[in-house]
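Protein chains: 2
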Amino acid sequence: MDFKFSNRVPKQNNDVVGEILKVAGDPKIISFAGGLPAPELFPVNEIKKASDKVFSKHGQDALQYTASIGNSKLRQLVANRMDSHKHINCKPSNICITTGSEQSIDLISKMMINQGDVVLVEKPTYLCALDVFRSYGAKIVGVDMDENGMKADSLETALQNYPNAKLIYTIPNFQNPTGRTMPTNRRKEVADLASKYDVMVMEDDPYGEIRYSGKSIDPIKHFDKDGHVIYMSTFSKILAPGMRLGWIIADEKFVNMFVVMKQSADLHSDNLSQYIVAQYMEDNNLDLHIQKIRDAYHRRASMMLKEIDKQFPRGVKHSNPEGGMFIWVEVPGNINTMELFKNCVKHNVSFVPGEPFYPDEIIPGTFRLNFSNMKDDQIHEGIHRMADAISEMIKK
Amino acid sequence: MDFKFSNRVPKQNNDVVGEILKVAGDPKIISFAGGLPAPELFPVNEIKKASDKVFSKHGQDALQYTASIGNSKLRQLVANRMDSHKHINCKPSNICITTGSEQSIDLISKMMINQGDVVLVEKPTYLCALDVFRSYGAKIVGVDMDENGMKADSLETALQNYPNAKLIYTIPNFQNPTGRTMPTNRRKEVADLASKYDVMVMEDDPYGEIRYSGKSIDPIKHFDKDGHVIYMSTFSKILAPGMRLGWIIADEKFVNMFVVMKQSADLHSDNLSQYIVAQYMEDNNLDLHIQKIRDAYHRRASMMLKEIDKQFPRGVKHSNPEGGMFIWVEVPGNINTMELFKNCVKHNVSFVPGEPFYPDEIIPGTFRLNFSNMKDDQIHEGIHRMADAISEMIKK
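Protein sequence lines correspond, in order, to chains B and H. One point on numbering: in our numbering, the residue at position 204 of the first sequence is 204, and numbering is uninterrupted. One point on numbering: in our numbering, the residue at position 376 of the second sequence is 376, and numbering is uninterrupted.
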C-alpha cells in the first residue's frame, strides 16, 4: 500500500550514508567510513563494576521511571565537569540529559524551527544534523569555512541576508567532517553575533575532549552573556555510545521548555544507563580514561596522515586535525567522489564522499576519512588501497 | 531573554500533569496519580545476572553504536512472543525497537501528521499522546466511547466527517485513563474501517499482558489485512520502564521509513539495555514474571474497587477493569475535579483529574485512579481520605 506520509518524510529515500555504511559492513573491506569510537578502549570492566553497584544499591530506582530532565547526580557530575574542564558556569538546572547528541539536535530543532526558517551551518557539516533540520522544514544556508572553521565575517553577512535566521549550528572542535577547529577570537565573535542578531547558537561539541595536540580552547558557551548559546555534548566519544547519553547546557528558562519537549519525545533517557554512568564517574578517573583514547587516536591520525602524504598522488590536500576522529581530503581536478567510492569498494576500502555533508552547493573532489575505528595495520593497508584507486581515477 | 520558539511549543506552559505529579511526590501524600509500575516487583536480581552476562560475553558490542532498527536478537524474541501471545504474524523486519512507547507515538506522528491533519482519538485518552499530536499541528477529534471502548459507529461517522483523517489512535486493552477494553468484534470493525477509509491505526498496547481476569483478546493488528495497523507495545509494564524500550510492529515498507525517522531522533535506542533485555528473556520465563505482576495488580485493583464501593458517596460510578493499572471514576453533579484535587491534597491524597485526558469537550466530574504503585494499606487509607474530600465537596 501507499502510505500518506507527512511532508517531513524525505520524498525519495536517498539514504546515501545508510548505503555506504552497509557496504562498509563487509568484513573484507577496510572501512574509514563510519564515525565509531574504538571499542577495544571501552572500559568494559569498570562499567560492569559500576553496573553491579547500581543494581545492588539502587536496583529498583534505576529500573523505574525518572524525571525527564535526567538523574540529578549525573547532572551534578556533568555540571562540575563542564565548569572545571570547559569553563562553563552552570548549575544542574541548566542541564538536561538527552538520548545522545542526535536527540539534542532533534529537540532543539523541533523547539525553534518553523517551516521555512533559516538555519546557518558550516559547509560542509554533520550530515545527520542536515537531515534533522530538513525534517522540520528549515531552509539551510551554508556559511563559508577556512582552516579555522566557520568564518565570522561570512556568518555576519549571512545574518544580514537572513534577518529571520533562527539557529546557527556549529561544531567548533575537530569539526565533522573537516577536523578543523575554531580559535578563541572567532568563538567570541560568534557569541557576540548571536546576541547582536538575536539568534540561537547550537554549539555541538562531541569531540572536544579528544584533543591530542595543541591547547584546549574555551567553548562559545563560555563567551555567552545572555543565553543565546546552547552547548551540547555526549558520553559517546569519551566513554561509550551504546548507552546513548548526551546533555545540553542552556539558560534555565530554555531548559524548562526543552524538558517539556523531551517528555513528548521519550519521557526520559535510559535511567539504568544514567545511574551506571554516574556511578562510573564517581568511582573512576574519567580524565585518565580519556587520555588513553587521545593517545590511541593521536597515533592513528598521525599514521594515517603520514601514509596519505607518502602514498596519495601529488596535489591531494588534507586537514591536520588536533583531535577528534576525522581527516578531510581534497583531490585535485574534477574527481566525482561517489565514483571514487565505487572504485575504492572494488579495492576493498571505503570512506564517506563529501557530497552529503554539503548543505547547498557541493565542492567536488572531497571526502572524509575516519581513523578512530581501524587499527594500525589496517590504516597502512587501507590508505595504500585508496591511493591505487585514486591514481586510477586521476589517470582516466 | 525571550526565546523565539516554534509553533510546536505550547504557548503557555500549562503542564497540569507535571504540577500534579510534583504535588504527588510529597512523601506524606498517598498518590493514585502516576502510572508507575510497582518497583518491588522488578526482577532486579535476574536483570543484574543478565547484565553481568552481557558485559562478559558482549561487552564491547553492547557499548558500541548499533543499527537504528534495533538489536536483531531482541527483535527476533519480540517477533516470536508477539506471534505466540498476540497472534500477530510478523518477522523481525516488521519490528523496530524504540525508546519506549512515547517515542513510538512521537515518530509515527512526525511521519504522518501535517499541520491541520485530523487524528481521531478516544475521549478521554492518554494525555501525553495528545501533547505529541498537538506538537505536530494535528487537529484532534474525539470519538465517543462506551464501556467497550471506542464506538465503531461513532468512528465511522467521524471518518465520514473527516475524510482526510490521517490516524486513529486507540488503546484497546485496559485503556488509559478509563481501564476499558474493546471486544473482538469491535477490533475487527476498526481494522475494516481503517482499510475502507484508508487511514492508519496506532494500536497502543502497553498494558495488554497485564490481564488478571477475563480472556485475552487478539489485537486489532491481528485483523489487519493490508498494513493499515501499527501495533505498539513496551517493556515498561511487563519488565521495567527505566530501560526505556518499546517496539512497533508494522508493514515492512512502513518500518523502513520509520527507521529513517528514528535515525534522526536518537540514532538508536540504548544498546546496553537492548542486550540486557534480550539476555533476560533468554534466561528467564517472562510469563512467570508477568503472572506475579498480574496477581499483585489484581489484588490491588480489587481492594481499591471494594473500598470505593464501601466508602465513596452514593451515585459515584467507576469502571471495572480486567487488567492494566487504572480505574476511572465519575462523581455525580457538577463537581470540578481540579478543585477536588486541591481538596484531596489537603487530605494528603492525590489522583489525576479527568480534564487533561479530554481532546475537546470535557465531561466534568471524572478522574483517574492508579492502583499499581500503592500497597494494600495505602490503598485502604487513601480511598478513605478521598471519600472524606468528595463528601465535603458534594455537601457544598
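Each residue gets a CB set at the ideal place from its N, CA and C atoms; glycine is no exception.
### Message
Using a Cβ distance threshold of 8 angstroms, determine whether the region 44 to 62 of chain H contacts the region 176 to 195 of chain H, with at least three qualifying pairs required.
### Response
no
#### Entry: Sequence-distant residues of its chain with Cβ nearer than 6 angstroms to H:V331 (five each side left out)
The residue you call residue 331 of chain H lines up with position 331 of the second sequence. Here the set comprises V316 and G365.
### Message
For the region 116 to 131 of chain H, list every residue whose C-beta sits within 7 angstroms of some C-beta in chain B, in sequence order.
### Response
C128 and D131
### Task
Flag B:T400 as yes if its beta-carbon sits less than 8 angstroms from any beta-carbon of chain H, otherwise no.
Since the first residue shown for chain B is 1 and the last is 396, residue 400 of chain B is missing from the structure and cannot be characterised.
### Distance between H:E322 and H:R299 (C-alpha atoms, nearest Å)
Here residue 299 of chain H refers to the residue found at position 299 of the second sequence. Here residue 322 of chain H refers to the residue found at position 322 of the second sequence. The straight-line gap from Cα to Cα measures roughly 12 angstroms.
### Query
DSSP on B:N370, reduced to helix/strand/coil?
Here residue 370 of chain B corresponds to residue number 370 of the first sequence, with the count starting at 1. Three-state result, B:N370: strand.
### Query
With distances taken between CB atoms, is the gap from H:I47 to H:A33 smaller than 8 angstroms?
Residue mapping note: residue 47 of chain H aligns to position 47 of the second sequence, counting from 1. Residue mapping note: residue 33 of chain H aligns to position 33 of the second sequence, counting from 1. Against a cut-off of 8 angstroms, the Cβ pair of H:A33 and H:I47 comes out as no contact.
### Task
Note down, in chain order, every chain B residue with its Cβ under 8 angstroms from the Cβ of H:T234.
On the second sequence, position 234 is the one that residue 234 of chain H refers to. Within 8 angstroms Cβ-Cβ: nothing; H:T234 doesn't reach chain B, min ~11 angstroms.
### H:P124 versus H:P177: straight-line alpha-carbon distance, rounded
Locating residue 124 of chain H in the second sequence gives position 124, where the first residue counts as 1. Locating residue 177 of chain H in the second sequence gives position 177, where the first residue counts as 1. So the alpha carbons of these two residues sit roughly 7 angstroms apart.
#### Entry: Below-8 angstroms beta-carbon distance, B:I171 vs any chain H residue
Taking the first sequence and counting its residues from 1, the one referred to as residue 171 of chain B is at position 171. Chain H contact via Cβ: absent.
### Query
What does H:L36 reach in chain B if we use C-beta pairs closer than 9 angstroms?
Within the second sequence, residue 36 of chain H is the residue found at index 36, counting from 1. Simply Q64 and Y65.
#### Entry: Inter-residue Cα distance where the pair is H:V255 and B:E307
Taking the first residue of the second sequence as position 1, residue 255 of chain H is located at position 255. Taking the first residue of the first sequence as position 1, residue 307 of chain B is located at position 307. Spanning the two alpha carbons is a distance of roughly 42 angstroms.
### Message
Quick check on H:A165: does DSSP put it in helix, strand or coil?
### Response
On the second sequence, position 165 is the one that residue 165 of chain H refers to. Of the three classes helix, strand and coil, the one that applies to H:A165 here is strand, per DSSP.
### Bridge partners - B:S350, DSSP secondary structure assignment
Sequence index remark: in the first sequence, residue 350 of chain B carries index 350 (1-based). BP columns for B:S350 point to B:S31.
#### Entry: Nearest-angstrom Cα separation, counted from B:T181 out to H:K375
As a working mapping, residue 375 of chain H is identified with position 375 in the second sequence. As a working mapping, residue 181 of chain B is identified with position 181 in the first sequence. Spanning the two alpha carbons is a distance of roughly 57 angstroms.
### Beta-carbon spacing of H:Q311, H:H222 below 8 angstroms
Within the second sequence, the letter at position 311 stands for residue 311 of chain H. Within the second sequence, the letter at position 222 stands for residue 222 of chain H. Not in contact: H:Q311 and H:H222 (Cβ atoms no closer than 8 angstroms).
#### Entry: 9 angstroms Cβ cut-off: residues of chain B touching H:P201
Position 201 of the second sequence, counted from the first residue, corresponds to residue 201 of chain H. As written in the sequence, residue 201 of chain H is Val, which differs from the Pro given in the question. Those do not exist, as H:V201 stays about 13 angstroms from chain B at its closest Cβ, beyond 9 angstroms.
### Query
Taking the alpha-carbon positions, what's the B:P359 to H:I220 distance?
Translated into the one-based positions of the first sequence, residue 359 of chain B becomes position 359. Translated into the one-based positions of the second sequence, residue 220 of chain H becomes position 220. If I take the Cα positions, the gap works out to 43 angstroms.
### Query
According to DSSP, what are the bridge partners of H:C128?
For the purposes of this step, residue 128 of chain H is taken as the residue at position 128 of the second sequence. BP columns for H:C128 are empty, so no partner.
### Query
Would a C-beta distance cut-off of 8 angstroms place B:S269 and B:G70 closer than the cut-off?
In the first sequence, counting from the first residue as 1, residue 269 of chain B sits at position 269. In the first sequence, counting from the first residue as 1, residue 70 of chain B sits at position 70. Going by C-beta atoms, B:S269 is nearer than 8 angstroms to B:G70.
### Task
Helix, strand or coil for H:Y207, going by three-state DSSP, please let me know.
Walking along the second sequence from the start, residue 207 of chain H turns up at place 207. Here H:Y207 sits in coil by DSSP.
### Task
List in chain order: all unbroken beta strand (DSSP E) runs of 3+ residues lying wholly within the region 70 to 123 of chain H.
95 to 98 and 118 to 122
### Message
What residue range does the alpha helix (DSSP H) around H:G382 cover?
### Response
Taking the second sequence and counting its residues from 1, the one referred to as residue 382 of chain H is at position 382. First-last of the alpha helix (DSSP H) with H:G382: D376 to K395.
### Task
Use the C-beta contact count for H:T66: other C-beta atoms within 10 angstroms, 16 or more gives buried, fewer gives exposed.
Taking the first residue of the second sequence as position 1, residue 66 of chain H is located at position 66. Buried: at least 16 other Cβ atoms inside 10 Å.
### Message
Within 10 Å of its beta-carbon, does H:N173 have 16 or more other beta-carbons around it, so buried, or fewer, so exposed?
### Response
Within the second sequence, residue 173 of chain H is the residue found at index 173, counting from 1. It is buried - the Cβ of H:N173 has at least 16 other Cβ atoms within 10 Å.
### Message
Let me confirm a value: H:N45 is counted as buried when at least 16 other C-beta atoms fall within 10 Å, else exposed. Which label applies?
### Response
Stepping through the second sequence from its first residue, residue 45 of chain H is reached at position 45. Exposed is the call here.
### Residue burial classification, H:K145 (beta-carbon count within 10 angstroms, cutoff 16)
Against the second sequence, residue 145 of chain H aligns to sequence position 145. Reading off the sequence, residue 145 of chain H comes out as Met, not Lys. The residue is buried, with at least 16 neighbouring Cβ atoms inside 10 Å.
### Query
Buried or exposed: which applies to H:N271, given that a residue is buried once 16 or more other Cβ atoms fall within 10 Å of its Cβ?
Numbered from its first residue, the second sequence carries residue 271 of chain H at position 271. Its Cβ being crowded by 16 or more others within 10 Å, H:N271 is buried.
### Task
Look at the alpha carbon of B:A389 and the alpha carbon of B:L340, and state the distance between them as a whole number of angstroms.
Along the first sequence, one-based indexing puts residue 389 of chain B at 389. Along the first sequence, one-based indexing puts residue 340 of chain B at 340. Those two C-alpha atoms are separated by around 7 angstroms.
### Query
Name the DSSP bridge partner or partners of B:M261?
One-based indexing of the first sequence puts residue 261 of chain B at position 261. Looking at the DSSP assignment, B:M261 forms no beta bridge with any residue, so it has no partner.
### Task
Establish whether the CB of B:S93 and some CB of chain H are separated by less than 8 angstroms.
On the first sequence, residue 93 of chain B is found 93 positions in, with the first residue counted as 1. False, the Cβ-Cβ gap to chain H never drops below 8 angstroms.
### Query
Hey, does B:K397 have any beta-carbon neighbour from chain H nearer than 8 angstroms?
No information on residue 397 of chain B is available, as it lies outside the stretch 1 to 396 that chain B covers here.
### Task
Return the bridge partner residues of B:S233 from the DSSP annotation.
Sequence index remark: in the first sequence, residue 233 of chain B carries index 233 (1-based). Per DSSP, B:W247.
### Task
Quick one: grab the DSSP three-state call for B:K215.
In the first sequence, counting from the first residue as 1, residue 215 of chain B sits at position 215. Residue state, collapsed to three classes: coil.
### B:Y275 vs B:I210 beta-carbon contact at 8 angstroms
Your numbering for residue 275 of chain B matches position 275 in the first sequence. Your numbering for residue 210 of chain B matches position 210 in the first sequence. No, the Cβ-Cβ distance between B:Y275 and B:I210 is not below 8 angstroms.
### Task
Would you kindly work out how many angstroms separate the C-alpha atoms of H:Q64 and H:M393, rounded to a whole number?
Here residue 64 of chain H is taken as the residue at index 64 of the second sequence, counted from 1. Here residue 393 of chain H is taken as the residue at index 393 of the second sequence, counted from 1. Straight-line Cα distance between these residues: approximately 57 angstroms.
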